[in-house]
Amino acid sequence: MTDTAPLFQELCLPCGVTLKNRIAKSAMSDSLGDGRGNPTSAQIRLYERWAMGGSAVAIIGEVQGDPRAAEKPGNLVLGPLSDDPGLRELTARGSANDMQLWAQLGHAGAMAHPPIGNPKGPSALDLPELSCAALTREEIGALPAQFARTATHAKAVGFGGVQIHAAHGFLLSQFLSPLFNKRSDAYGGPLAHRMRLLLEVIGAVRAAVGAAYPVALKLNATDQLEGGFAQDEALAVIKVLDTSSIDLIDISGGTYFPGAKSASDRAGRGPYFTAFGKAARACTDKPLMITGGFKTAAQAVAAINENAADVVGLARALVIAPDLPLTWQSTGDDVTFPRFVDPPEGGVTAWYTQALKRIGEDRPLDPSTELATALTAYNARDAARVPLWNAHFG
35 MTDTAPLFQE LCLPCGVTLK NRIAKSAMSD SLGDGRGNPT SAQIRLYERW AMGGSAVAII
95 GEVQGDPRAA EKPGNLVLGP LSDDPGLREL TARGSANDMQ LWAQLGHAGA MAHPPIGNPK
155 GPSALDLPEL SCAALTREEI GALPAQFART ATHAKAVGFG GVQIHAAHGF LLSQFLSPLF
215 NKRSDAYGGP LAHRMRLLLE VIGAVRAAVG AAYPVALKLN ATDQLEGGFA QDEALAVIKV
275 LDTSSIDLID ISGGTYFPGA KSASDRAGRG PYFTAFGKAA RACTDKPLMI TGGFKTAAQA
335 VAAINENAAD VVGLARALVI APDLPLTWQS TGDDVTFPRF VDPPEGGVTA WYTQALKRIG
395 EDRPLDPSTE LATALTAYNA RDAARVPLWN AHFG
């Protein structure tokens, strides 16, 4: 049996907040909002189950400040139309058992869902499956304050911290990538310019929430696209972040641009970014979290023992077993993952997303569900939410 004791040491973040162990439920687009940017009973119960399952922190993916920059109509939105009592119930029940519940501050940029949004990125794109306009200097200048307002709202309704999303091809990741950022002004060109918006957002968020509130960052090690954001630039960004007010750097990779393989759907065995985590140690003293491909307790323990990470981020493993941290602590037993043969594009993601709803409804998972069935249900749910979203947000 794997000695899992290293996973159950406390970790004190630079802001002074202590995580009870080294296991995090990393951000996923759980797509369980009500179609108007507010939480549902299933979403509230889902995070309560993860809290009772023993994780130290859970991060709600893609919490938006601008409803026209949302990734999907199942995202939460923090703004003047929010259901704050519902959000407070979510954060209260999702903070049970000493778990930290954090909101991931999202902005889809060029990947904003067109039926509900206004896709805009650092540069205009006209691709077969993706087109967007370029943000103006004035629009870019307004973004740090927008992120800060969203973080302030998150703190006010009870989220224990926030994570700034600069990975997976969303807006701040788009600015970092030379493949998608072709600007010639102060926000494009050399890396120092491409990371300018990210640093401005970090500064604005920290100023808004204060020194004692956790502010994490999700950053790609690489976006796995030729000509895109690569590991040498990611390490250079981390060197700069070492002098920032960030409390935890969550390392992931890949992109959700149409047609691109995400890190979580790649072939082969994980974990994917432990080698990068070791390289990042030479660039920063900030606590590091690694997300991607952890399937066994032995892999998670090795990441801690080998100094590749201070925190291990789990996503799909905690869908299969929401109480996996307690299991690892008591027996060290691992979970069995479903195997999918020739999955359709988006099918595996749809299966896991539909499984989250079952967990939130206290129903058992159904491994026999066909990927095509899950994908059809996933797309139908989003389509049904579009008119609700547009009516609510005008």
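Going by the numbering used here, the first residue of the sequence shown is number 35, and it counts up by one from there. Positions of the beta carbon are idealized from the N, C-alpha and C atoms, including for glycine.
- Residue range 249 to 254 is occupied by the beta strand (DSSP E) that includes Val249, with no alpha helix (DSSP H) assigned at that position.
- Membership of Leu422 in the alpha helix (DSSP H) is indicated by the continuous run 405 to 427.
- Counting of Cβ neighbours within 10 angstroms places Phe374 among the exposed residues, the total staying below 16.
- The beta-bridge partner set that DSSP reports for Thr325 consists of Gly347.
- Judged by pairs of C-beta atoms under 8 Å, the region 60 to 77 touches the region 94 to 102, as three or more such pairs exist.
- Taking Ser129 as the centre and dropping the five residues before and after it, the same chain places the C-beta of Ala85, Leu135, Gly192, Gly194 closer than 8 Å to its C-beta, in chain order.
- Excluding its 5 nearest sequence neighbours in each direction, His426 has C-beta neighbours in its own chain below 6 Å: Arg70, listed in chain order.
- The criterion of a C-beta distance shorter than 8 Å is not satisfied by Gln265 and Gly288.
- Residue state for Gly95 is assigned as strand, using DSSP reduced to three classes.
- Within the region 120 to 197, the complete beta strand (DSSP E) runs of at least 3 residues fall at 134 to 140, 159 to 161, 164 to 168.
- Per the coordinates, the alpha-carbon of Gly326 lies some 17 Å from the alpha-carbon of Gln138.
- Separation of Gln180 and Ile236 (C-alpha to C-alpha, rounded to the nearest whole angstrom) is 12 Å.
- Here Ile280 is near Val249, since their CB atoms are less than 8 Å apart.
- For Met86, the three-state secondary structure derived from DSSP is helix.
- Here the alpha carbons of Leu253 and Ala238 stand approximately 18 Å from one another.
- Across the set Thr383, Leu115, Ile283, the C-alpha of Leu115 shows the shortest separation from the C-alpha of Gly428.
- For Val111, the pairing in a beta bridge is given by DSSP as Gln98.
- Residue pairing by DSSP puts Cys46 in a beta bridge opposite Thr52.
- In the three-state reduction of the DSSP assignment, Ile280 falls in the coil class, being assigned neither a helical nor a strand state.
- The distance from the Cβ of Asp416 to that of Lys106 is about 6 Å, consistent with a contact at the 8 Å cut-off.
- With a cutoff of 8 Å on beta-carbon distance, Ile285 and Ala334 are scored as not near each other.
- The beta carbons of Phe204 and His141 sit about 6 Å from each other, so the pair counts as a contact at 8 Å.
- Three or more Cβ pairs closer than 8 Å define a contact, and the region 303 to 311 falls short of that threshold against the region 348 to 360.
- One alpha carbon belongs to Glu395, the other to Val274, and they sit about 43 Å apart.
- Comparing C-alpha distances from Asp376 to each of Asp368, Ala355, Ala406, Val369 shows the shortest one belongs to Ala406.
- Distance check between Thr186 and each of Gly113, Asp219, Ala168 places Gly113 closest, using alpha-carbon atoms only.
- Sequence-distant partners of Phe209 (beyond 5 residues in either direction) whose C-beta falls short of 6 Å from its own C-beta, in its chain, are Pro156, Asn215, Arg228, Leu231.
- A distance of 8 Å or more separates the beta carbons of Leu390 and Leu110.
- Note: Met62 is bridge-paired with Ile94 in the DSSP secondary-structure output.
- Around the Cβ of Cys46, a 10 Å sphere holds fewer than 16 other Cβ atoms; the residue is exposed.
- Spatial neighbours of Ala384 in its own chain (CB-CB distance under 6 Å, excluding positions within 5 residues in sequence) are listed in chain order as Ala408, Leu409, Tyr412.
- If you look at His227, you'll find it in the alpha helix (DSSP H) that goes 225 to 228.
- Thr387 sits buried, since 16 or more C-beta atoms from the chains shown fall within 10 Å of its C-beta.
- One Cα belongs to Ala200, the other to Gly222, and the distance between them is close to 16 Å.
- Secondary structure at Ser75: helix, using DSSP grouped into helix, strand and coil.
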